[in-house]
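Colleague: Submitted below is the structure of interest, expressed as structure tokens.
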Amino acid sequence: MVNQDYFGLKDKVCVVTGAASGIGLATATLLGEVGSKVILLDINEANGQKAVADLKEKDFKVEFVRCDVTNADDCMSVRDFVEANYGAVDVLFNNAGVIRRKTVVDLEESEWDLVIDVSLKGVYLLSKYLIPLMANGGGGSIINTGSGWGLKGGDQAAAYCAAKAGVVNLTKAMAIDHGPQNIRVNCICPGDTDTPLLRSEAKQLNQQEDAFLVSSAKGRPLERLGTPRDIAKGVLFLASDLSSWITGTDLIVDGGGLA
Ligand SMILES: NC(=O)c1ccc[n+]([C@@H]2O[C@H](COP(=O)([O-])OP(=O)(O)OC[C@H]3O[C@@H](n4cnc5c(N)ncnc54)[C@H](O)[C@@H]3O)[C@@H](O)[C@H]2O)c1
């Protein structure tokens, strides 16, 4: 059993995007375990409602709100919902993302826009509407999901690499702007983590899923893929008082892959 008080996150209001699956869901779960109030946002209403029903069975303080992070009206509605029901927001995990495994030549313009809009613009939009609320409450912690491919290039993932590099530097810009409001902003950079997103890449690249997962794990000093919970633990650290003087940085959680 996790010692809830140790992390200073008990009863803190935490908003998580892309929370119906993978890394977002694992993080919402871990935040629930340490006693936070978690608002799960996702564009996938069915999966989001199911996730919340499962977490409520564990007596976690969780709610689902449907939100497309690329839609300003949705993001404003989230702000209004959080303000009306919780009064403040302490932690924002900007995590929703999508990938299209294509070169610039092969990417349709609509695919480029989708990847940039969900993975990068979504961070801007939700932050735009929640930061004032966070500042009014005395500050908080924002964690943006980057990627190892925000720090180095990768093959056939041009829009994704561009979006994630944008997230890494947007994080630093936000940290500079909002530090005086006692808001810390950091980036978590996962390596290959076993989620539906990673598995979808095998299909996009016309590869066998098992072989793709094995090759994704290969070459890492820790010799395995990440689990969503591996990443969630890094997010919990950045959300909590344990990282009280850390802002504007990126935390690589990748089994040593980039080493
Ligand atoms: N899995 C990996 O190997 C890996 C590695 C590095 C970075 N990441 C990043 O981690 C984050 C989470 O990915 P994951 O692997 O858990 O993927 P996932 O596909 O399991 O979960 C992503 C969630 O985001 C939601 N989503 C998609 N578009 C949305 C939108 N417009 N608004 C709100 N929600 C939306 C999806 O419905 C889904 O529930 C992403 O930003 C991804 O780029 C993943």
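Numbering-wise, the numbering used here puts 216 at position 236 of the sequence shown, and it's gapless, one number per residue.
Backbone N, C-alpha and C define an ideal beta-carbon position, used for all residues, glycine too.
What residue from Leu87, Lys38, Lys36, Tyr109 has the CA that sits closest to Asp60's CA?
Modeller: Tyr109
Colleague: Give a yes or no on whether the C-beta atoms belonging to Leu28 and Phe40 are separated by under 8 Å.
Modeller: Here residue 28 is Gly; the residue named in the question, Leu, does not match the sequence. Cβ atoms of Gly28 and Phe40: not closer than 8 Å.
Colleague: Is the beta carbon of Ser16 sitting closer than 8 Å to the one on Cys47?
Modeller: no
Colleague: Going along the chain, which unbroken runs of the beta strand (DSSP E) with 3 or more residues stay wholly within the region 163 to 228?
Modeller: 163 to 170
Colleague: Between Ala2 and Leu177, how many whole angstroms is the CB-CB distance? I'm expecting something under 8 Å.
Modeller: Note that residue 2 corresponds to Gly in the displayed sequence, not to Ala. Rounded, the Cβ-Cβ distance is 6 Å, consistent with contact.
Colleague: May I ask you to check if the CB of Ser195 is nearer than 7 Å to at least one heavy atom of ligand 1?
Modeller: Checking the Cβ of Ser195 against ligand 1 gives no.
Colleague: In angstroms, rounded to a whole number, what distance separates the CA positions of Glu25 and Thr9?
Modeller: 17 Å
Colleague: List the endpoints of the continuous alpha helix (DSSP H) containing Gly(-2).
Modeller: From DSSP, Gly(-2) is part of no alpha helix (DSSP H); its letter is neither H nor E.
Colleague: Taking C-beta to C-beta, are Leu35 and Thr(-3) nearer than 8 Å?
Modeller: Not a contact, by the Cβ cut-off of 8 Å.
Colleague: Out of Glu37, Lys38, Gln136, Val58, which has the shortest C-alpha to C-alpha gap to Ile23?
Modeller: Checking every option, the nearest Cα to that of Ile23 belongs to Val58.
Colleague: Would you check whether ligand 1 has a heavy atom nearer than 7 Å to the C-beta of Ala76?
Modeller: yes
Colleague: Pull up the distance between the alpha-carbon of Asn162 and that of Asn186, whole angstroms please.
Modeller: 47 Å
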